[in-house]
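Here is the structure we will look at.
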Amino acid sequence: MGCAKIRRNLSGYIENELDANTMNIVEQHLFSCNKCKEAFNSMHILVQDLSVMESVKAPDDFLDRLHDRIKKDSGFNRLARKLFLPPMIKVPFQFAAAAAMAVLIFFIVHTPAIKDEMKSVSTVMHAEKKAAVAKDKVDKDRPVAGHASIPVESEAVDEKPALTIELALLLNKQTPPARNVVQSFMERKAESGKGDLKSGKRISSDTDAAAPAALHSIPTSAISVGDINKIVHRVQGRILAVEYNKEKNSPELLMAEIPANKYGSFLKELRKLGKFLSPPPSIPAKKPSLMQIEVKFLSP
Amino acid sequence: MIEINRSRRSYLSDAELIKAFQTGDKDVFDELVIRYKDRIVNLCYRFLGDYQDACDTAQDVFIKAFEALVKFRFKSSFYTWIYRIAVNTCNNRLKSLEFRFKKMIKRTGNPGSRGNVSLSCSEESFSPALRLEKKERSILIARAVDSLSGLKKTVLILRDIEGLAYDEISKITGLKPGTVKSKLARARADLRKKLKSVL
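In the order they appear, the protein sequences are chains A and B. Start counting the first sequence at 95; every next residue gets the next number (the working numbering). Start counting the second sequence at 1048; every next residue gets the next number (the working numbering).
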């Protein structure tokens, strides 16, 4: 066994932990090699010195200080310590987690497919909610038999309007000039069936010749869904819902969505049907591309 | 909850005190502190080389033990368990920036000092010259131990200064007994080289 190997075994030799054979070899070597013997002696002295190193004692107030610290160590401090200590490890991880979350949220918000899906879901929910509110309103205010809510277009719109304007329109006594009387008649026929009209006269559905006679019996203030549809489509808008009063043969409430830049034209069209109870509100300069309009039709 | 009389506490074993603590008698922790405070402070002092730091770290060790003692499962002795907490706390403290900065300032300010402490040297038979020589030698050895790296330092402190058995060191450090022995042999060899002029 060479000196290097003997010196590696010196620690075990001092501890008396080597097997008998190795112990003998080391012992024999130490008798013959002065350098290794010197190394053994110095290591032996070192181990002895370490074992008798002077010790220190805890200060007398150690326990009292410990009590104070345990009392001060409130739940909040403990939580903070659990969350942030050791800071070298936990804080970088927390930053990394926050950054990952930020990136994830950014991608969710800015990925077009997810964005469109989220918008369509929210728009459908919004339209459903509106329809439900309108239905509730009708159910509450008036008897069910006299009213019907007609959802004209139920598909989801592309963009959710942020601006909603409510208008109240007092209808003219005379039939609007743009109205197609035959279409109006056919609609009314379909909606009111074969029931009696207000005048008490019965509309014959057998021949077209009966139409002019029936037209005389239509109340002059009534407008049809077709009229509303035309106006809305003229301004490139969409009808969301129409509340229809069967007794009066007239729509009562219109919920429509129109491009904001057609608001003026839409008001102009409505003015042909009647006059506004209060001046229509103006829209802000920084307007959204779409706006929602609720028009309440009032009989003269 | 059964509260144990103060005078009776000193007769109870560590395990009995821990069971009492776990049933709700938090006061028995004082007895455990009294039993181990000197050894823990001394161990921390060996690692950190500064008495005040050692006392503060020992307090941290006991606070950690106080919080975790409810979960103690008696798989090891309390002695081994608290030593493990102390070793880990000291190693974390050694790695902390605050400690490194403090140490650097101390070195530049007072190169020979190893903490403001009055060591309990009870050997009055020594002459003043001998005592001075012994103290100087002790400071040199302590500085050499301080300069050892990581596990070598831990193993050397636990074995040669604290006098723990290999299996206890193995439990405290989580190393295999064979690894503990080889680390110790290397630590001693390194230390011998560093202290060649003194030995």
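Yeah, the Cβ is synthetic: ideal placement off N, Cα and C, and Gly gets one too.
Cβ neighbours of A/C130 within its own chain (closer than 7 Å, five residues either side excluded): C97, I100, R101, H123 and L124. Per the C-alpha coordinates, the member of A/G106, A/E148 and A/N115 positioned closest to A/F134 is A/G106.
Going by DSSP, A/Y338 is part of the beta strand (DSSP E) stretching over R332 to N339.
Using beta-carbon distances, A/S149 counts as an interface residue toward chain B, with a partner under 9 Å.
At least 9 Å separates the beta-carbon of B/N1138 from that of B/T1226. For A/D143, the closest Cβ of chain B is nearer than 9 Å.
Residue-level contact by beta carbon holds for B/V1192 and chain A, with a gap shorter than 9 Å.
Taking 9 Å as the threshold, the shortest C-beta distance from B/Q1069 to chain A does not fall below it. Using a Cβ distance threshold of 9 Å, B/R1147 and B/T1104 do not count as a contacting pair.
Rounded to the nearest whole angstrom, the C-alpha separation of A/S393 and A/L264 is 6 Å. For the pair B/T1136 and B/V1117, the CB atoms are not nearer than the 9 Å cut-off. When secondary structure is reduced to three states using DSSP, A/V329 falls in the coil class, being assigned neither helix nor strand. In the DSSP annotation of this structure, A/V389 is not part of any alpha helix (DSSP H); the continuous beta strand (DSSP E) holding it starts and ends at L384 to L392. Of all residues in the region 1183-1210 of chain B, the ones placed with a Cβ closer than 8 Å to any Cβ belonging to chain A are R1184, S1185, I1188, A1189, V1192, L1203, D1207, I1208 and G1210, in chain order. The region 1124-1134 of chain B makes no contact with the region 172-184 of chain A; the number of CB pairs closer than 8 Å stays below 3. Taking a contact as a CB-CB distance under 8 Å, the pair B/A1133 and B/C1091 counts as one, their CB atoms being some 6 Å apart.
In the DSSP assignment, A/M137 falls within the unbroken alpha helix (DSSP H) covering N128 to S145. Residues of chain A with a Cβ closer than 8 Å to the Cβ of B/L1231 are, in chain order, S105. With a threshold of 9 Å between beta carbons, B/I1132 makes no contact with chain A. Annotation for A/V326: I333 and A350 place their beta carbon closer than 6 Å to its own, counting only its chain and skipping 5 residues before and after. Against chain A, the CB of B/K1149 has no partner CB under 9 Å away; the residue lies outside that interface. Put simply, of A/I322, A/E132 and A/I377 the residue whose alpha carbon is nearest the alpha carbon of A/K390 is A/I322. Rounded to the nearest whole angstrom, the C-alpha separation of B/I1065 and B/R1190 is 37 Å.
From the beta-carbon of A/L157, the residues of chain B found nearer than 8 Å are D1077, V1080, I1081 and K1084.
Sequence-distant Cβ neighbours of A/L144 in its own chain, meaning closer than 7 Å and more than five residues away, do not exist here. Straight through space, the alpha carbons of B/K1111 and B/Y1083 are spaced by roughly 14 Å.
Within chain B, no residue has its beta carbon less than 9 Å from that of A/I119; the closest one is some 16 Å off. Less than 9 Å divides the Cβ of B/L1238 from the Cβ of B/V1192. When DSSP states are grouped into helix, strand and coil, A/A190 belongs to the helix group. With a threshold of 9 Å between beta carbons, B/A1176 makes no contact with chain A. In this structure B/L1195 touches B/A1234 by the C-beta definition: roughly 6 Å separates them, less than 8 Å. With respect to the 9 Å criterion, B/I1204 and B/F1076 are not classified as neighbours on the basis of their beta carbons. Contact between B/S1185 and A/M137 is ruled out by a C-beta separation of about 18 Å, above the 8 Å threshold.
Taking B/F1119 as the centre and dropping the five residues before and after it, the same chain places the C-beta of I1065, Q1069, F1125 and W1128 closer than 8 Å to its C-beta, in chain order. Identification of residues in the region 1097-1128 of chain B having a C-beta nearer than 8 Å to some C-beta of chain A yields Y1098, A1101, C1102, A1105, Q1106, F1109, I1110, F1113 and E1114, given in sequence order. Ranked by Cα distance from A/I377, the options A/L261, A/K340 and A/S344 are led by A/L261.
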